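Start counting the sequence shown at 437; every next residue gets the next number (the numbering used here).
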Amino acid sequence: TLYATVWRGPAMIFRKAPYADSNLEENQDALTHNVVLTRNDKGSLINVAAGGSPNRGEGWKGTSPQGTEWAEGATDAMPGLKFQTLKAAADYRMRNIAGKTMVLHLIEEDIYLDVEWLEWTNDGGGG
């Protein structure tokens, strides 16, 4: 959008250890007050700040994480990117996401940032 913010700050790495309790803050990535991402032991990401609960399995619904939209590519390629849910942007193949770069749009704040996926644990491997 016209007044969007593109994050150009330092790179940060977030990693949740396999089977770590996703209810605990140290296993959540707080991007803003409205977007706090985590993951259960399997499934996709959820936004606990938007009412997502690790205990209810939102990561399986395909709409998660709430308050965000994603596109494969980098912010340098905007505005030609197609934004959608995380699973849709990953072509419903989260297991193949490692090594890809995506743009994460924090909808309410209108912030865009590049996300490079370093790894993704799949098949119930502890998230």
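Backbone N, C-alpha and C fix where the C-beta goes; we use that ideal spot for every residue, glycine too. Predicted, not measured: the structure shown is a model, and the values here were computed from it.
Looking only at R531, R529, W553 and N463, the smallest Cα-Cα distance to V539 is reached by W553. Three or more Cβ pairs closer than 8 Å define a contact, and the region 503-516 meets that threshold against the region 528-544. The residues L473, L481, I482, N483, G488 and L522, in chain order, have a CB closer than 7 Å to that of P501 in the same chain once the five nearest residues on each side in sequence are set aside. According to the DSSP assignment, A507 belongs to no alpha helix (DSSP H) but to the beta strand (DSSP E) extending over T504 to E508.
By DSSP's assignment, V551 forms a beta bridge with M538. Excluding five sequence positions before and after D550, the CB atoms of its chain that fall closer than 7 Å to its own CB belong to A510, T511, T537 and V539, given in chain order.
In this structure, DSSP gives D465 an extended state, which the three-state scheme calls strand.
According to the DSSP assignment, L522 belongs to the alpha helix (DSSP H) that extends over L522 to A525. Counting C-beta atoms within 10 angstroms of its own C-beta, I533 has 16 or more neighbours from the protein chains shown and is therefore classed as buried. Contact check for T468 and L542: beta-carbon distance about 6 Å, within the 8 Å limit, so the pair qualifies. The beta-carbon distance between M530 and W556, rounded to whole angstroms, is 6 Å. This is short enough to meet the 8 Å contact definition.
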